[in-house]
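> Numbering (the numbering used here), first residue to last: 24 to 127.
By construction, the Cβ of each residue, glycine as well, lies at the ideal position given by its N, Cα and C atoms.
All values reported here derive from a predicted model rather than from experimental measurement.
1. So, do the stretch 84-100 and the stretch 60-74 have three or more beta carbon pairs nearer to each other than 8 angstroms?
2. How far does the alpha helix (DSSP H) with residue 107 in it reach, from first residue to last?
3. With 16 as the cutoff for other CB atoms within 10 Å, does residue 60 come out buried or exposed?
4. Check the C-beta distance from residue 76 over to residue 88 and give it rounded, since I have them as a contact under 8 angstroms.
5. Roughly how many whole angstroms lie between the Cα atoms of residue 48 and residue 101?
6. Start and end of the alpha helix (DSSP H) containing residue 45?
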């Protein structure tokens, strides 16, 4: 530590001190991995790349970290709509009765 000329004991201890000083509660060091994954996905990084960066062997685990929401589904539909404006005009995709369908 440049201010005290003392060695920083552990990253975990320093992290806890920083959280306390910033008055942040209920946040663990491991939560940074979730933030990292979510930020990457929100900014357009594909899940395969995020999976490799996190060192996951399974895309299922990466999905747990990335916290994908319905906004990504909307963006995917908008992207397809821009490429083919007539693709979803009849409403079949959005009004589907499938059990696993996601309402947007």
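Quick look at the numbers:
1. With a cut-off of 8 angstroms, the stretch 60-74 and the stretch 84-100 count as touching, because enough Cβ pairs lie within range.
2. Premise fails: residue 107 is in no alpha helix (DSSP H) and is neither H nor E.
3. Burial check for residue 60: the Cβ neighbour count within 10 Å reaches 16 or more, so the residue is buried.
4. 10 angstroms between Cβ atoms; not a contact.
5. So the two alpha carbons sit approximately 37 angstroms from each other.
6. First-last for residue 45: undefined, no H or E at that position.
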